[in-house]
Each structure stands twice: as C-alpha cells, then as structure tokens.
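Everything on this sheet refers to the single structure shown next.
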Amino acid sequence: MPRCVILALNHCPLSSVSGPLEILLLGARLAAAHDWQIEVAAEQQQTISGHGGISLNAHTRLADVEQADLLIVAAIGDPRKRPDALQASTLQQIHTLHQRGTRMVSICTGAFVLAAAGILEGRQATSHWAVSDWLQQQFPAVLWQKNAMLTHDGNISCSGGASAYQDMSLQLVRDYFGEGVALQVARTVLIDSDRHSQLQYSGFMPERQHQDERILEIQDWLDQHAAEPFTLADLAARAHLSERQFKRRFTLAVQQPPLAYIQALRMEKARQALTTSRRQVEQIARDCGYEDVRFFRELFRRSTGLTPLAYRQKFARWQA
Numbered sequence: 073m074p075r076c077v078i079l080a081l082n083h084c085p086l087s088s089v090s091g092p093l094e095i096l097l098l099g100a101r102l103a104a105a106h107d108w109q110i111e112v113a114a115e116q117q118q119t120i121s122g123h124g125g126i127s128l129n130a131h132t133r134l135a136d137v138e139q140a141d142l143l144i145v146a147a148i149g150d151p152r153k154r155p156d157a158l159q160a161s162t163l164q165q166i167h168t169l170h171q172r173g174t175r176m177v178s179i180c181t182g183a184f185v186l187a188a189a190g191i192l193e194g195r196q197a198t199s200h201w202a203v204s205d206w207l208q209q210q211f212p213a214v215l216w217q218k219n220a221m222l223t224h225d226g227n228i229s230c231s232g233g234a235s236a237y238q239d240m241s242l243q244l245v246r247d248y249f250g251e252g253v254a255l256q257v258a259r260t261v262l263i264d265s266d267r268h269s270q271l272q273y274s275g276f277m278p279e280r281q282h283q284d285e286r287i288l289e290i291q292d293w294l295d296q297h298a299a300e301p302f303t304l305a306d307l308a309a310r311a312h313l314s315e316r317q318f319k320r321r322f323t324l325a326v327q328q329p330p331l332a333y334i335q336a337l338r339m340e341k342a343r344q345a346l347t348t349s350r351r352q353v354e355q356i357a358r359d360c361g362y363e364d365v366r367f368f369r370e371l372f373r374r375s376t377g378l379t380p381l382a383y384r385q386k387f388a389r390w391q392a
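Note that our numbering has the sequence shown beginning at 73, numbered continuously upward.
In structure tokens, the structure reads:
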C-alpha cells in the first residue's frame, strides 16, 4: 500500500497542507488508486496550530512513521521569524526516512526543514523567492535555484513560494498516476500546468531591520529620488561617509550592494507603474531613471522574465 505523509509543523500556513492533500486525494480517486494512504503527521502533538488561529488534527506523529513512500514537508511560514525551533528529533527522523529511500518533497519554506535535516547539501533546491538569499547564507552547500518554480534532484523535490504547492502537487499526480490523470486534475481544480519560474512573481523587499541610521536615511531618500541622476559619491556625501565606507556599510546593512539595490528599486517602481497606470513603456522607463528605453526593456526582462508589455498584460489591475 503506497503511503504519503504530509508533515505539518506548528504555525504553518495550512493551505500548504490541505492543498496537496486534496489534490493528491483527487488524483488517487480519478486513477482508481484506492490503495493509496495519504495522511498528515505532526511533530509530537496531534493538534497543529496554523495561521489565523485555525487548528488541524493530524493523523499521526512523525516519530511513529517508520516507512513512507513519499514525505511532503509543508511550508513553515517565514523561517527567519519562527516562534519555536525545529526539534532535533524531527530533523533526525527526516534524515532517517531519507536514508530508507523515502522520496522527499518540500512546499515553499519547507525547504528550510530539509536543509536543516542535512539532506539538501550538493543538491538543487528552491523555496520562496523572498527568503532565497537568506537561505543561501544559512545553507551555502545547497544549490539554491532562486527563480525555479520546481526543482528535482534525485529523490528530492522542492517547490517555490506560496501557491507553488499546486504545481508540485500536480507534478506528483503526474509522477504517480500518469499524465492523463494530471490533466484531469488540472482542469478540475483550475491549475495552470505550465508555470516554470517564480521570477515574474518576485518583488523587491528591501532590508530595513538593520540599525544603521545613516543607511536608513539613504534608503528613505532613494524611495523618493531613485529616478534622479546621482552617483555613489553623491550618496556617500549625503550619508557623510567616504565612498568606500558607504559601499561597505550599505552592503552590510541591506545585504545588497548599492548599485544592485538601486536597480532593484527602480524595477519595482516600474512594475508598480505598469500594473497601476496606463503610461507608455517609454515614459515609465524615463520616470524610473532610464533614458535608454532598449536598456530598460532588457533590464526588466532579466528582472521579471517578461517584457514590460507582457508583464502589464498579466498583472495590470485595470485589465480585469
């Protein structure tokens, strides 16, 4: 009897538990795979506290799972802000199941759990784009694919942020029940089965939790003046620092060099303009500090994976 276990930790977004559960159950039903056993496991307690005060009763505890064909680790929210630490026994059990041949799958930030269990070293993996740089710092031996919607390396698969659980669940249906069933599932639950990159969904989330007041003042100034002509020397002078000191302190504070930060900020302003206004691309380019429209288009494509017009067509609020 094939067994799939979905590990749900406390404070998890429950959609990353119920979503894969329902899609896999639907796939098994459509495939008439009545012998499939799909259940939810908790760390220790049977009741899992999710986001928004919603609770979920687990079928079993992870410690009691001695064998499984498939272990899906649900998202855990922002791993940088976890209110409780991962239990060593949980990480050891994941490692043990992996050694026994269990296929491992992570949903969104569940990749943090697999990495902490030590089974992602030297392997390709992905997670939510917003924590990808932090994960790279925490687990440098993992081959993080920041923009990938899904990664597959041996018997370990990872999905990107949030709703990417749909893409992963559909892939699992395809793997275990066939392409025909996967198409039926996609049509039934209205899943777009052709998403390959998170790049078009990513945005700019500047680091502001540091304590460097001079750099915070520069960030505030850039929010209002990013499109204006200025040099690093101008920014350094505004911060009352030498150019070398400024570059070092800025990079240390925001985890990004000044020029990369400015470009990311301008691209975010371009994304907002494309989706909330009807301005021409040429005007948006100039409003974001780019006189060379061709250069702007290329930067935008590299930043989002889409041309400015394609991005507008996909995300503009006034298109609906």
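We treat Cβ as the ideally placed atom computed from N, Cα and C, and that holds for glycine.
- Secondary structure at Q109: strand, using DSSP grouped into helix, strand and coil.
- Under the rule that a run must span 4 or more residues, the alpha helix (DSSP H) segments found entirely inside the stretch 92–180 read 160–171.
- Residue pairing by DSSP places D225 opposite I228 in a beta bridge.
- Taken atom to atom, the span from the alpha-carbon of F368 to that of R384 is near 15 Å.
- Rounded to whole angstroms, the separation of the alpha carbons of L134 and Y248 is 23 Å.
- In this structure, the straight-line span from the alpha carbon of A298 to that of L79 is close to 44 Å.
- The bridge partners DSSP lists for W216 are A197.
- For V203, there is no enclosing beta strand (DSSP E), as DSSP marks it with neither H nor E.
- Secondary structure of L313 (DSSP, three-state): coil.
- R310 and F302 have their C-alpha atoms spaced approximately 11 Å apart.
- Assignment of R374 by DSSP, reduced to helix, strand and coil, places it in the helix class.
- When the five nearest sequence neighbours on each side are left out, the beta carbons in the same chain lying within less than 6 Å of the beta carbon of P74 are those of W108 and D141, in order along the chain.
- Exposure of G173 is indicated by the presence of fewer than 16 other C-beta atoms within 10 angstroms of its C-beta.
- Of Q171, A388 and S121, the smallest CA-CA separation from T348 is found for A388.
- The distance from the Cβ of V253 to that of I95 is about 11 Å, inconsistent with a contact at the 8 Å cut-off.
- Beta-bridge partners assigned by DSSP to R75: Q109.
- According to DSSP, C84 shares a beta bridge with G122.
- Here the stretch 115–123 does not lie against the stretch 224–237, with fewer than 3 beta-carbon pairs under 8 Å apart.
- Per DSSP, reduced to three states, the secondary structure at F211 is coil, with no helix or strand assignment.
- Under a 10 Å Cβ-count criterion, E115 is classified as buried, with 16 or more other Cβ atoms of the shown protein chains found around its own Cβ.
- V365 and A382 have their C-alpha atoms spaced approximately 16 Å apart.
- Annotation: I144 to H224 spans about 14 Å, alpha carbon to alpha carbon.
- The distance from the Cβ of I287 to that of V326 is about 7 Å, consistent with a contact at the 8 Å cut-off.
- By the criterion of at least three beta-carbon pairs nearer than 8 Å, the stretch 158–170 is not in contact with the stretch 197–214.
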